[in-house]
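Just below is one structure, and these are the notes that go with it.
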Amino acid sequence: MSKKIIELVNVTKRFNGVTAVNNINLYIRENEFVTLLGPSGCGKTTTLRMIGGFEDPDEGDIFFDGVRINDVPPYKRNINTVFQRYALFTHMNVYENIAFGLRIKKVPKDEIDRRIKRMLKLVDLEGFENRHVDSLSGGQQQRVAIARALVNEPKVLLLDEPLGALDLKLRKEMQIELMDMQKNVGITFIYVTHDQEEALTMSDTVVVMNNGVIQQVGTPVDIYNEPVNRFVADFIGESNIIEGVMIEDFVVEFSGRKFKCLDKGFSHNEPVDIVIRPEDIDITEPEKGLIQGVVTSVVFKGVHYEMLVEGGGFEYMIQSTDMAPVGANVGLTFNPEDIHVMKRGS
Amino acid sequence: MKNRARILAYPYIVWMIIFIVVPLLLVLFYSVTEGNINDPSSLSFSLKSYTRVFDIMYLNVIWKSFKLAIISTLFCLILGYPVALIISTVKARYKNIVLMFFLVPIWMNFLLRTYAWMSILSPNGFINRLLTFLGLPPLQIMPGQTAVILGMIYNFLPFMVLPIYTVLSKIDKSVLEAAMDLGANKIVTFIKVILPLTVPGIISGITMVFMPAVSTFVISQLLGGGKELLIGNLIEQQFTVQRDWHFGSALSIILMIMILISMAIMSKVEKDDGNGGAPIW
Amino acid sequence: MVKFLKRFYLTLIFIFLYAPILVLIVFSFNESKSRGYWGGFTLKWYVELFRDRDILKALYYTFLVALLSSIISTVIGTFSAIGIHNMGLFTKKMALNINYLPVLNPDIVTGIALMTLFVSLNMRLGFMTMLISHTVFNIPYVILSVLPKLKQMDKNMTEAALDLGATPSYALRKVIIPQIMPGVITGALIAFTLSIDDFVISFFTTGSGVTNLSILVYSMAKRGVKPSINALTTLMLLTVVILLLLINKRTTKGDELIP
Numbered sequence: 001m002s003k004k005i006i007e008l009v010n011v012t013k014r015f016n017g018v019t020a021v022n023n024i025n026l027y028i029r030e031n032e033f034v035t036l037l038g039p040s041g042c043g044k045t046t047t048l049r050m051i052g053g054f055e056d057p058d059e060g061d062i063f064f065d066g067v068r069i070n071d072v073p074p075y076k077r078n079i080n081t082v083f084q085r086y087a088l089f090t091h092m093n094v095y096e097n098i099a100f101g102l103r104i105k106k107v108p109k110d111e112i113d114r115r116i117k118r119m120l121k122l123v124d125l126e127g128f129e130n131r132h133v134d135s136l137s138g139g140q141q142q143r144v145a146i147a148r149a150l151v152n153e154p155k156v157l158l159l160d161e162p163l164g165a166l167d168l169k170l171r172k173e174m175q176i177e178l179m180d181m182q183k184n185v186g187i188t189f190i191y192v193t194h195d196q197e198e199a200l201t202m203s204d205t206v207v208v209m210n211n212g213v214i215q216q217v218g219t220p221v222d223i224y225n226e227p228v229n230r231f232v233a234d235f236i237g238e239s240n241i242i243e244g245v246m247i248e249d250f251v252v253e254f255s256g257r258k259f260k261c262l263d264k265g266f267s268h269n270e271p272v273d274i275v276i277r278p279e280d281i282d283i284t285e286p287e288k289g290l291i292q293g294v295v296t297s298v299v300f301k302g303v304h305y306e307m308l309v310e311g312g313g314f315e316y317m318i319q320s321t322d323m324a325p326v327g328a329n330v331g332l333t334f335n336p337e338d339i340h341v342m343k344r345g346s
Numbered sequence: 347m348k349n350r351a352r353i354l355a356y357p358y359i360v361w362m363i364i365f366i367v368v369p370l371l372l373v374l375f376y377s378v379t380e381g382n383i384n385d386p387s388s389l390s391f392s393l394k395s396y397t398r399v400f401d402i403m404y405l406n407v408i409w410k411s412f413k414l415a416i417i418s419t420l421f422c423l424i425l426g427y428p429v430a431l432i433i434s435t436v437k438a439r440y441k442n443i444v445l446m447f448f449l450v451p452i453w454m455n456f457l458l459r460t461y462a463w464m465s466i467l468s469p470n471g472f473i474n475r476l477l478t479f480l481g482l483p484p485l486q487i488m489p490g491q492t493a494v495i496l497g498m499i500y501n502f503l504p505f506m507v508l509p510i511y512t513v514l515s516k517i518d519k520s521v522l523e524a525a526m527d528l529g530a531n532k533i534v535t536f537i538k539v540i541l542p543l544t545v546p547g548i549i550s551g552i553t554m555v556f557m558p559a560v561s562t563f564v565i566s567q568l569l570g571g572g573k574e575l576l577i578g579n580l581i582e583q584q585f586t587v588q589r590d591w592h593f594g595s596a597l598s599i600i601l602m603i604m605i606l607i608s609m610a611i612m613s614k615v616e617k618d619d620g621n622g623g624a625p626i627w
Numbered sequence: 628m629v630k631f632l633k634r635f636y637l638t639l640i641f642i643f644l645y646a647p648i649l650v651l652i653v654f655s656f657n658e659s660k661s662r663g664y665w666g667g668f669t670l671k672w673y674v675e676l677f678r679d680r681d682i683l684k685a686l687y688y689t690f691l692v693a694l695l696s697s698i699i700s701t702v703i704g705t706f707s708a709i710g711i712h713n714m715g716l717f718t719k720k721m722a723l724n725i726n727y728l729p730v731l732n733p734d735i736v737t738g739i740a741l742m743t744l745f746v747s748l749n750m751r752l753g754f755m756t757m758l759i760s761h762t763v764f765n766i767p768y769v770i771l772s773v774l775p776k777l778k779q780m781d782k783n784m785t786e787a788a789l790d791l792g793a794t795p796s797y798a799l800r801k802v803i804i805p806q807i808m809p810g811v812i813t814g815a816l817i818a819f820t821l822s823i824d825d826f827v828i829s830f831f832t833t834g835s836g837v838t839n840l841s842i843l844v845y846s847m848a849k850r851g852v853k854p855s856i857n858a859l860t861t862l863m864l865l866t867v868v869i870l871l872l873l874i875n876k877r878t879t880k881g882d883e884l885i886p
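Protein chains in written order, with the working numbering: chain S, 1 to 346; chain L, 347 to 627; chain G, 628 to 886.
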């Protein structure tokens, strides 16, 4: 079990009376790819900036390698940042941008040359030393920003939605590249994004945030399969979230009937939220289904059909390679392990 | 870190208080006192300076300053707007050269330019010599109001043209194309699209002309022969010849207030505000 | 047809702008002092120009004050702009409002206000007071030039510098100032130009024989003119045209280098 390299204890940050980060407790393990995930305004960027030293916590402490760093300015932290819009120095070329941090540390020139060469190779920009920053494409600028940060061999790299400005294909390529880079370089990456698919793809650990509060911390698989509340269930992937009642352990009632499920630990007849993923529901003949309903919409998505079926007092979303046309009467089936029960949320 | 950067401005804040705020406060102070300025103990509170302003003679001066300034500003606008338009339609290759030559007079010393007009307009000046040569009767332009107005227009015309031109050149061509696409001919496009879009430039131009025009004393002194007294001349006299600093201060405060009111009216008209900068090119 | 009208109108305006100056230039070569008669071609007024002590002294002070005040105001103005840029909303507004008073106020009010200050402090009016006054009205224009550049600058750039290990002063030197340099230079040029041309403020805040070009021309214009002023006008025009041509060449050539 690798050690905790960064720890936030009871950290709060307010701006103009608005609480952006509300008493969060979080630790980050060494050499992991950790993603802070959430919608705009959830506090993920503020948290990242506090780790980087660009904002001071109003309350609480931040520890780096066991040492309290609240009062340590950014230029003294062994952490580097890749900014959302790259923040490259437009008055310098690629070489000078990457060399910037090394020059401050008074690294000798040949060592600088060596490291930059190695970095450019890592980010696939060999030969770009003398290019002017403004002449580069978005993707290239992004890679220079990454090289500029990594060349300083920080223990932790912070990335603030770095792929946001790139087109879809490039973004997906860069996601893979970043994952590989993290494994190759062997340092901790803390990544911020609002794109849940990106988070699930790249991370070892995902921290889901909303309204300045951590909703859930876990591996991508856990977050996806076992969301702890409505927000996480709704934010990650597509979900059907139905209100129901937990009759007793392993039995839950919703859409007008009881179902066998795998969840327990709730009080008798406790109101709960139920999550069923669209891809776990199958379409069949009405008599064979657990729930009966009528198809109200069908959209072809290439990979599957996405259908809306009204039944049991709820509009279910189904993703399936099977199709039933609009207006058809159908039956819905799913397995007990596909039913996921959560505490009723607001 | 932001807090630390702030201290870079603190010395200047002190400077501003000493050299901008205090002087104005002093002027205000003198405007509401009377007595010998060299002997502070003789000063007493009095609004006499302000009430003097309401003498018909001085009100005439104020009125005349406004009148001349408004006339000059109007002429600058009427003459200058077309200039800005034309320059903006000049072919790109020549645009810089034309603009440059238009700016040359501004770069030449303001006094020299006014003096140049004296040579032309004076009773023995160029125009009259030319007229006499042609056998025509000489014109008594200078000294006089017309000469002052001409001098104002001459000096301030470029300051009306520049802001309008700047705004004009920033208009997205596709906006004009959209207008024509929707059926507007050149005249309609001008009235309904270009003109409204240039309003900020017009306001800038008016501000940059009216303000110096209403407060000038050089132009009225040199081209008006000392007979066309404007506020500026009045103030200048109080501080040089008359040595009535109290009255001069009161006049200055009134001038300031008049200008602030005009600018407030201007910015109400414009409503849309820039970021942290005064309306300059 | 429209094109002809356009050109005609523009030409008229140009004639209007240049006529007085051209008249002066022509008469700078006039043997006769009078502005009416042509007495023959001569360069003697140019010679006298360079011999005239008063004119040379005025030119000397004009340039000296302009140079000094533009340097001082550029330095103070740039750093103050950076400071103001980082101020909280309310203090920033207050500071800027006061800062722009010399810009908004008519020259004459600024001039007499400063004179009042100097007299109240029992300072002798002369070179120092003129220099201070020029600096007072120059700094706001520098700030006016630099602030927009600061606003335009990517906020993250300074943070990136700090992130990479730069102390605030290192970041200031190596990142912020290079980024805002165009604004700084423009500000310096504006300050210089305003200083050279200033009359009213200088008029009220100078003394002890310290004079500048504008004040000199003013006193001459009131008394009666020396023809060497015509020669000065010609030389000035020449200088300005050459300067502007040079600047024009620089900016059009530099377009490829500056993105």
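Positions of the beta carbon are idealized from the N, C-alpha and C atoms, including for glycine. On a predicted model such as this, the values are computed, not experimentally measured, just so you know.
Looking only at G:Asn875, G:Leu649, G:Gly704, G:Ser855, the smallest Cα-Cα distance to tyrosine 768 (chain G) is reached by G:Gly704. Under the Cβ criterion of 8 Å, leucine 758 (chain G) is not counted among the residues facing chain L.
Scanning chain S for C-beta atoms nearer than 7 Å to the C-beta of threonine 794 (chain G) yields Tyr75, reported in chain order. Below the 7 Å Cβ cutoff, chain L contributes no neighbours of tyrosine 797 (chain G), its closest Cβ being approximately 13 Å away.
Of all C-beta pairs linking the region 553-563 of chain L to the region 690-703 of chain G, fewer than three are shorter than 8 Å, placing the two stretches out of contact. Non-local C-beta neighbours of serine 434 (chain L) in its own chain, meaning closer than 7 Å and more than five positions away in sequence, comprise Tyr511, Leu514, Ser515, ordered along the chain. Using a C-beta cut-off of 8 Å, the region 18-26 of chain S makes no contact with the region 183-193 of chain S, since fewer than three inter-stretch Cβ pairs fall below that distance. Using a CB distance cut-off of 8 Å, methionine 454 (chain L) counts as an interface residue toward chain G. Counting the other Cβ atoms within 10 Å of the Cβ of phenylalanine 717 (chain G) gives fewer than 16, which makes it exposed. Annotated as distal: asparagine 152 (chain S) and glycine 186 (chain S), with beta-carbon spacing of 8 Å or more. For valine 399 (chain L), no chain G residue has a C-beta closer than 8 Å to its own C-beta; the minimum C-beta separation is roughly 15 Å. Looking at the DSSP output, aspartate 282 (chain S) bridges to S:Thr333. Counting only Cβ-Cβ distances below 7 Å, lysine 105 (chain S) has contacts in chain G at Gly792, in chain order. One finds nothing in chain G with a Cβ atom closer than 9 Å to the Cβ of alanine 328 (chain S); even the nearest lies about 54 Å away. Out of L:Leu568, L:Val450, L:Trp463, the CA that lies nearest to the CA of proline 647 (chain G) is found in L:Trp463. One alpha carbon belongs to isoleucine 402 (chain L), the other to lysine 410 (chain L), and they sit about 12 Å apart.
Of the residues assessed, serine 137 (chain S) falls on the exposed side of the cut-off, its CB having fewer than 16 other CB atoms within 10 angstroms. With a contact defined as Cβ atoms closer than 8 Å, leucine 372 (chain L) and isoleucine 599 (chain L) miss out at about 11 Å. The continuous alpha helix (DSSP H) containing serine 655 (chain G) extends over residues 629-655. Within the model, the alpha-carbon separation for isoleucine 812 (chain G) versus glutamate 238 (chain S) is close to 56 Å.
Lysine 4 (chain S) places its beta carbon 8 Å or farther from that of methionine 209 (chain S). Here alanine 20 (chain S) carries a strand assignment [DSSP, helix/strand/coil].
Contact annotation: serine 697 (chain G) and asparagine 857 (chain G) have beta-carbon atoms that are not nearer than 8 Å.
Look at threonine 737 (chain G) here: in three-state DSSP terms it is helix. Between the region 812-826 of chain G and the region 446-463 of chain L, the count of Cβ pairs shorter than 8 Å is three or higher; the stretches touch.
Distance from glycine 311 (chain S) to isoleucine 291 (chain S) at the Cβ level is roughly 5 Å; contact confirmed, criterion being Cβ atoms closer than 8 Å.
Judged by their CB atoms, methionine 506 (chain L) and leucine 414 (chain L) are not nearer to each other than the 8 Å cut-off. Taking one beta carbon from each stretch, the region 168-187 of chain S and the region 101-112 of chain S have fewer than 3 pairs nearer than 8 Å; the two do not touch. When C-alpha distances from isoleucine 364 (chain L) are compared across G:Ala708, G:Asn726, G:Val650, G:Leu637, the shortest belongs to G:Asn726.
Residue burial annotation: phenylalanine 448 (chain L) is buried, with at least 16 other C-beta atoms found within 10 angstroms of its C-beta. The CB of leucine 651 (chain G) never comes closer than 7 Å to any CB in chain S; the least such distance is about 45 Å. Runs of the beta strand (DSSP E) spanning 3 or more residues and lying entirely within the region 186-215 of chain S occur at 188-193, 205-210, in chain order.
The way I'd put it, the region 575-582 of chain L doesn't touch the region 426-442 of chain L; fewer than three beta-carbon pairs between them come closer than 8 Å. For arginine 143 (chain S), the nearest beta carbon of chain G is not closer than 8 Å to its own beta carbon.
The beta carbons of threonine 833 (chain G) and leucine 752 (chain G) sit closer together than 8 Å. When CB distances to chain S are screened at a threshold of 9 Å, the residues of the region 802-822 of chain G falling below it are Val802, Pro805, Gln806, Met808, in chain order.
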